[in-house]
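Let me begin by presenting the structure, written as structure tokens, before commenting on it.
As structure tokens, this is what we get:
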């Protein structure tokens, strides 16, 4: 699956990182708890979250997460988008809730992350 | 062992907005050195966790990065308040983080165990009223 596929499945729009839409994604995770994301995620993952702050981008950058999907139509600030751009991360926004977005992606064959990063 | 790179980053207590800047710089520097992607991710996660801990829990401190041909080393050193019970602090789910940290998505009591899991070697020393020092090594070769 590619980031473009993710965008179509969650009926999302791209806010930054249009050039990355053809990058592959292998897994996804949905969480508002960055502590958990830091503990469980591996790379080429999509992060679906309803939490909007700069630490979502920092967490994603540390883990080589390639795409963040903000759920429930939330709009990240310019600062967040600039950080994501600098970190080479695509940012999408969807009107779906986190639960629905995750469910749609899972149904379309995108599995969850493994439990360990190493 | 010859040190290839050493850099000290001051970390301010309570500076939530800038927390993670040192870790971002560390990650980018190590990437420039061409460090293996898996090791790089482990160093980055541990670095971000320890930097957040300095911001959330300490009265200020430093994060030091050292690189030699065998190892990446991260040293976190703060000036207090110290951890009364290290075993408890190392338990997953135990947290003393404040509301501000939780609002940002942290403070789930995963930080120290996650650092230990990602590092090759992990050592924590703490004395109440003095401070905490955490030293983590990440082997560059299997």
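Chains as they are written, first to last, in the working numbering: chain A, 51 to 168; chain B, 1369 to 1510. The beta carbon of each residue, even a glycine, is placed where N, CA and C say it ideally should be. As the structure is a computational prediction, the values presented were derived from the model and not from experiment.
Among the residues of its own chain, which have a CB less than 6 Å from the CB of residue i, if the five just before and after it don't count?
| i | result |
| --- | --- |
| residue 1489 of chain B | 1505 |
| residue 134 of chain A | 66, 107, 141 |
| residue 1493 of chain B | 1501 |
| residue 1461 of chain B | 1477 |
| residue 1375 of chain B | 1433 |
| residue 1498 of chain B | 1450 |
| residue 124 of chain A | 102 |
| residue 113 of chain A | 91 |
In this structure, what does DSSP give as the bridge partners for residue i?
| i | result |
| --- | --- |
| residue 1432 of chain B | B:1376, B:1443 |
| residue 97 of chain A | A:79, A:118 |
| residue 1492 of chain B | B:1502 |
| residue 162 of chain A | A:78 |
| residue 1507 of chain B | B:1439 |
Indicate the three-state DSSP secondary structure (helix, strand or coil) for residue i in the structure shown.
| i | result |
| --- | --- |
| residue 1464 of chain B | coil |
| residue 141 of chain A | strand |
| residue 52 of chain A | strand |
| residue 91 of chain A | coil |
| residue 64 of chain A | strand |
| residue 59 of chain A | helix |
| residue 153 of chain A | helix |
| residue 1452 of chain B | coil |
| residue 86 of chain A | helix |
| residue 135 of chain A | helix |
| residue 1471 of chain B | helix |
| residue 130 of chain A | helix |
| residue 124 of chain A | coil |
| residue 1479 of chain B | helix |
| residue 69 of chain A | helix |
| residue 1486 of chain B | helix |
| residue 112 of chain A | helix |
| residue 1370 of chain B | coil |
Near residue i, which residues of its chain fall below 7 Å by C-beta distance, leaving aside the five closest residues on each side in sequence?
| i | result |
| --- | --- |
| residue 144 of chain A | 60, 61, 62, 119, 121, 151 |
| residue 1481 of chain B | 1458, 1460 |
Kindly indicate if chain A contains any beta-carbon less than 7 Å away from that of residue i.
| i | result |
| --- | --- |
| residue 1474 of chain B | yes |
| residue 1494 of chain B | no |
| residue 1388 of chain B | yes |
| residue 1413 of chain B | yes |
| residue 1482 of chain B | yes |
| residue 1470 of chain B | no |
| residue 1478 of chain B | yes |
| residue 1409 of chain B | yes |
Among residues of its own chain, excluding the 5 on either side of residue i, which ones have a beta-carbon nearer than 8 Å to its beta-carbon?
| i | result |
| --- | --- |
| residue 1508 of chain B | 1403, 1404, 1407, 1437, 1438, 1439, 1440 |
| residue 159 of chain A | 51 |
Beta-carbon of residue i versus every beta-carbon of chain B: anything under 7 Å?
| i | result |
| --- | --- |
| residue 89 of chain A | yes |
| residue 122 of chain A | no |
| residue 114 of chain A | yes |
| residue 168 of chain A | Caution is warranted here: a pLDDT of 41 is assigned to residue 168 of chain A, below 50, making its placement in the model unreliable, and the coordinate value is therefore given only provisionally. True, the Cβ-Cβ gap to chain B drops below 7 Å. |
| residue 127 of chain A | no |
| residue 83 of chain A | yes |
| residue 97 of chain A | no |
| residue 71 of chain A | no |
| residue 131 of chain A | no |
| residue 145 of chain A | no |
Does the beta-carbon of residue i, which I'm using as the reference point, lie nearer than 6 Å to any heavy atom of the ligand COA?
| i | result |
| --- | --- |
| residue 1491 of chain B | In the structure shown, the ligand COA is absent, as is every other ligand, since no ligand is present at all. |
| query | Counting only runs that start and end within the segment 1381-1423 of chain B, where is the alpha helix (DSSP H) found for 4 or more residues in a row? | reply | Counting whole runs of 4 or more residues, the segment 1381-1423 of chain B contains the alpha helix (DSSP H) stretches 1389-1400.
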